[in-house]
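Have a look at the structure below before the remarks.
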(Lines of atoms letter the chains of each structure in order from A; the text may use other names.)
(Lines give C-alpha, C1' and ligand atoms only; values in the text may rest on other atoms or scores of the structure.)
Protein backbone atom coordinates (compact mmCIF):
# COMPACT_ATOMS: atom_id res chain seq x y z
CA UNK A 1 0.00 0.00 0.00
CA UNK A 2 1.29 3.43 -0.99
CA UNK A 3 -0.02 6.86 0.02
CA UNK A 4 0.93 9.64 -2.39
CA UNK A 5 -0.39 12.94 -3.76
CA UNK A 6 -3.27 12.52 -6.17
CA UNK A 7 -2.51 12.98 -9.87
CA UNK A 8 -4.68 13.34 -12.96
CA UNK A 9 -4.26 9.65 -13.90
CA UNK A 10 -6.07 8.76 -10.65
CA UNK A 11 -9.32 10.50 -11.58
CA UNK A 12 -11.14 7.56 -13.29
CA UNK A 13 -10.21 5.22 -10.43
CA UNK A 14 -11.28 7.70 -7.77
CA UNK A 15 -14.54 8.36 -9.60
CA UNK A 16 -15.20 4.64 -9.24
CA UNK A 17 -14.43 4.90 -5.52
CA UNK A 18 -16.99 7.71 -5.20
CA UNK A 19 -19.62 5.89 -7.24
CA UNK A 20 -19.20 2.60 -5.36
CA UNK A 21 -19.21 4.23 -1.91
CA UNK A 22 -21.97 6.67 -2.88
CA UNK A 23 -20.16 9.40 -0.95
CA UNK A 24 -20.59 11.84 -3.84
CA UNK A 25 -21.40 11.49 -7.53
CA UNK A 26 -18.16 10.58 -9.34
CA UNK A 27 -18.74 13.20 -12.03
CA UNK A 28 -18.08 15.88 -9.37
CA UNK A 29 -14.48 14.75 -8.85
CA UNK A 30 -12.72 16.40 -11.84
CA UNK A 31 -13.96 19.86 -10.80
CA UNK A 32 -13.17 19.21 -7.13
CA UNK A 33 -9.54 18.23 -7.76
CA UNK A 34 -8.82 20.57 -10.70
CA UNK A 35 -7.49 23.45 -8.59
CA UNK A 36 -5.10 21.15 -6.74
CA UNK A 37 -3.84 19.58 -9.97
CA UNK A 38 -3.44 22.93 -11.76
CA UNK A 39 -1.68 24.83 -8.97
CA UNK A 40 1.43 23.33 -7.41
CA UNK A 41 1.13 25.94 -4.64
CA UNK A 42 -2.43 24.92 -3.75
CA UNK A 43 -2.94 24.67 0.00
CA UNK A 44 -5.42 21.79 -0.50
CA UNK A 45 -4.19 18.27 0.18
CA UNK A 46 -5.33 15.38 -2.01
CA UNK A 47 -3.94 11.95 -1.16
CA UNK A 48 -4.43 8.69 -3.03
CA UNK A 49 -4.08 5.22 -1.54
CA UNK A 50 -2.72 2.75 -4.06
CA UNK A 51 -2.93 -1.01 -3.54
CA UNK A 52 -1.94 -3.64 -6.04
CA UNK A 53 -0.76 -0.91 -8.40
CA UNK A 54 -4.11 0.85 -8.63
CA UNK A 55 -5.78 3.72 -6.75
CA UNK A 56 -8.34 2.37 -4.27
CA UNK A 57 -9.01 5.38 -2.05
CA UNK A 58 -8.49 9.08 -1.51
CA UNK A 59 -8.49 11.74 1.16
CA UNK A 60 -9.11 15.48 0.67
CA UNK A 61 -8.41 18.23 3.21
CA UNK A 62 -8.36 22.03 3.19
CA UNK A 63 -7.38 24.73 5.67
CA UNK A 64 -10.31 26.28 7.47
CA UNK A 65 -10.72 29.90 6.46
CA UNK A 66 -10.44 32.46 9.26
CA UNK A 67 -8.94 29.86 11.64
CA UNK A 68 -5.34 29.51 12.67
CA UNK A 69 -3.86 26.04 12.08
CA UNK A 70 -7.21 24.28 11.67
CA UNK A 71 -7.85 21.89 8.77
CA UNK A 72 -11.00 20.17 7.57
CA UNK A 73 -10.92 16.70 6.05
CA UNK A 74 -13.75 17.14 3.56
CA UNK A 75 -13.69 13.63 2.14
CA UNK A 76 -12.16 10.22 2.66
CA UNK A 77 -13.29 7.15 0.75
CA UNK A 78 -12.02 3.65 0.02
CA UNK A 79 -13.40 1.08 -2.42
CA UNK A 80 -15.79 -1.18 -0.52
CA UNK A 81 -13.65 -4.22 -1.43
CA UNK A 82 -10.64 -2.56 0.24
CA UNK A 83 -12.38 -1.23 3.36
CA UNK A 84 -10.85 -2.69 6.50
CA UNK A 85 -7.45 -3.13 4.79
CA UNK A 86 -5.87 -0.17 6.59
CA UNK A 87 -5.96 2.15 3.59
CA UNK A 88 -8.19 4.75 5.28
CA UNK A 89 -6.13 4.75 8.48
CA UNK A 90 -2.90 5.04 6.46
CA UNK A 91 -4.23 8.06 4.58
CA UNK A 92 -5.29 9.78 7.80
CA UNK A 93 -1.90 9.13 9.41
CA UNK A 94 -0.15 10.48 6.30
CA UNK A 95 -2.38 13.57 6.30
CA UNK A 96 -1.85 14.18 10.02
CA UNK A 97 1.92 13.83 9.58
CA UNK A 98 1.97 16.31 6.70
CA UNK A 99 -0.06 18.81 8.72
CA UNK A 100 2.12 18.36 11.81
CA UNK A 101 5.22 19.13 9.69
CA UNK A 102 3.49 22.36 8.62
CA UNK A 103 2.91 23.27 12.26
CA UNK A 104 -0.88 22.91 12.06
CA UNK A 105 -2.95 22.39 15.23
CA UNK A 106 -6.29 20.70 14.56
CA UNK A 107 -7.95 18.40 12.04
CA UNK A 108 -11.73 18.10 11.92
CA UNK A 109 -14.06 15.90 9.88
CA UNK A 110 -17.82 16.16 9.46
CA UNK A 111 -20.09 13.19 8.94
CA UNK A 112 -23.69 12.14 9.28
CA UNK A 113 -25.46 10.92 12.38
CA UNK A 114 -27.60 8.55 10.29
CA UNK A 115 -27.46 4.82 10.98
CA UNK A 116 -25.80 4.21 7.61
CA UNK A 117 -22.76 6.19 8.79
CA UNK A 118 -22.16 4.20 11.99
CA UNK A 119 -19.04 2.57 10.48
CA UNK A 120 -17.71 5.99 9.48
CA UNK A 121 -18.14 7.32 13.01
CA UNK A 122 -16.47 4.19 14.44
CA UNK A 123 -13.59 4.68 11.98
CA UNK A 124 -12.95 8.22 13.23
CA UNK A 125 -13.09 7.12 16.87
CA UNK A 126 -10.72 4.22 16.18
CA UNK A 127 -8.27 6.71 14.67
CA UNK A 128 -8.23 8.97 17.73
CA UNK A 129 -10.93 11.49 16.83
CA UNK A 130 -13.52 12.60 19.34
CA UNK A 131 -17.04 13.81 18.69
CA UNK A 132 -16.77 17.54 19.29
CA UNK A 133 -20.09 18.87 17.99
CA UNK A 134 -23.49 17.80 16.77
CA UNK A 135 -25.92 19.95 14.83
CA UNK A 136 -29.38 18.44 14.87
CA UNK A 137 -31.23 17.96 11.57
CA UNK A 138 -28.36 19.53 9.60
CA UNK A 139 -28.27 17.30 6.50
CA UNK A 140 -32.01 16.57 6.60
CA UNK A 141 -34.73 16.16 9.20
CA UNK A 142 -33.46 13.46 11.55
CA UNK A 143 -29.94 13.49 10.08
CA UNK A 144 -27.48 15.30 12.34
CA UNK A 145 -24.11 16.69 11.34
CA UNK A 146 -21.38 15.31 13.61
CA UNK A 147 -17.99 16.99 13.76
CA UNK A 148 -15.02 14.90 14.86
CA UNK A 149 -11.89 16.63 16.20
CA UNK A 150 -8.25 15.69 16.73
CA UNK A 151 -5.32 17.71 18.04
CA UNK A 152 -2.19 17.51 15.90
CA UNK A 153 0.12 18.68 18.68
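In my numbering, the protein residues as written are 1 to 153. C-beta: ideal position from N, C-alpha, C; glycine also. Given the structure is predicted, the values throughout are model-derived calculations rather than measurements.
4 or more residues per run - each alpha helix (DSSP H) lying fully within the stretch 72-112:
Listed in chain order, the complete alpha helix (DSSP H) runs (minimum 4 residues) inside the stretch 72-112 are 87-101.
Do you know how far the Cα of residue 62 is from the Cα of residue 41?
13 Å
Per DSSP, what kind of secondary structure is residue 41 in: helix, strand or coil?
Of the three classes helix, strand and coil, the one that applies to residue 41 here is coil, per DSSP.
Locate the beta strand (DSSP E) running through residue 54, then write down its first and last residues.
54-63
Could you give the DSSP three-state label for residue 23: helix, strand or coil?
coil
First and last residue of the uninterrupted alpha helix (DSSP H) at residue 118
118-126
Residue closest to residue 73, alpha-carbon to alpha-carbon, out of 103, 93, 20 and 108
108
Span separating the alpha-carbon of residue 39 from that of residue 149:
28 Å
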